[in-house]
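Peer 1: Okay, here's the structure, questions in a sec.
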Amino acid sequence: DPERYEFVVKFLGPAETHYEGGIFLVAIVLPKEYPFRSPSVGFRNRVFHPNVDEQSGSICLDVLNSTWTPMYDLVNIFDMLLPQLLRYPNPSDPLNPEAAVMMTRQPDKYRERIRTTIARYASPEYIRRVCAEHNMPLSISGAASLGAAASGGASGAASGSRPPSARPSRSTPSHTRPPPERPRTTG
1492 DPERYEFVVK
1502 FLGPAETHYE
1512 GGIFLVAIVL
1522 PKEYPFRSPS
1532 VGFRNRVFHP
1542 NVDEQSGSIC
1552 LDVLNSTWTP
1562 MYDLVNIFDM
1572 LLPQLLRYPN
1582 PSDPLNPEAA
1592 VMMTRQPDKY
1602 RERIRTTIAR
1612 YASPEYIRRV
1622 CAEHNMPLSI
1632 SGAASLGAAA
1642 SGGASGAASG
1652 SRPPSARPSR
1662 STPSHTRPPP
1672 ERPRTTG
């Protein structure tokens, strides 16, 4: 489609979070108007999190929905926004109400559910299998090279600028349809 550019990035769960050790496939769709219009961002493998729709992979972040500016680029998404989303869930405005309730009322069960989901859908073995099935390279992509590629060689972020809050919001999912061919296993 000449109106947009789609690709998938392997994103490592941030250190010192419940998601550490997980490998997440993140679908990115750059609209023709990028960087003046925000990219569509969603998980292709399952993520148990209050602000991620477990079935579609949609995420809700104010930056991607309403406060995006051309100052931001893909480096911001992978170095700041997604790590903050996973580090600081917002259970008061969830896309996944089950995760939100479990996080606030049963934190031990919540942590265990995340670990189980990672073991099943974000483990190195699962990712190797999915990559082999879909002819995807196995290397983990670096955010710096993504930013350079998407912005024509420069990161696009103003020096010294502070990105807006990455506080999850339910206002609108960051994309309106599930990422293409989301890998799933049954059973």
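Quick note: the sequence shown uses the numbering used here, first residue 1492, plus one each step.
Beta carbons are placed, not taken as given, at the ideal position from N, Cα and C, and that holds for glycine.
Less than 8 Å separating the beta-carbons of ARG1535 and LEU1516?
Peer 2: Yes, the pair counts as a contact, with Cβ atoms nearer than the cut-off.
Peer 1: Note down, in chain order, each residue of its chain lying with its Cβ closer than 7 Å to the Cβ of PRO1580, except the 5 sequence neighbours on either side.
Peer 2: Excluding residues within five positions, the ones whose Cβ falls inside 7 Å are HIS1540, PRO1541, ASN1542, MET1594, PRO1659.
Peer 1: What beta strand (DSSP E) runs, 3 residues minimum, are completely inside the stretch 1521-1603?
Peer 2: Listed in chain order, the complete beta strand (DSSP E) runs (minimum 3 residues) inside the stretch 1521-1603 are 1531-1534.
Peer 1: State the DSSP-derived secondary structure class of ALA1506, mapped to helix, strand or coil.
Peer 2: Reduced to three states, the DSSP call for ALA1506 is coil.
Peer 1: What is the DSSP secondary structure of ALA1518, reduced to helix, strand or coil?
Peer 2: Strand, per DSSP.
Peer 1: Using the C-alpha atoms, what's the distance from SER1529 back to ASN1556?
Peer 2: Rounded to whole angstroms, ASN1556 to SER1529 spans 8 Å at the Cα level.
Peer 1: Please classify THR1607 as buried or exposed, where buried requires at least 16 other C-beta atoms within 10 Å of its C-beta.
Peer 2: Under this definition THR1607 is an exposed residue.
Peer 1: Cutting at 8 Å between CB atoms, please list the residues of its own chain near LYS1600, excluding the five before and the five after it.
Peer 2: Correct list, in chain order: MET1593.
Peer 1: Within the same chain, show all residues whose beta-carbon is closer than 6 Å to that of THR1508, passing over the 5 residues directly before and after it, in chain order.
Peer 2: Counting only Cβ-Cβ distances below 6 Å, and skipping sequence neighbours, we find LEU1577, ARG1578.
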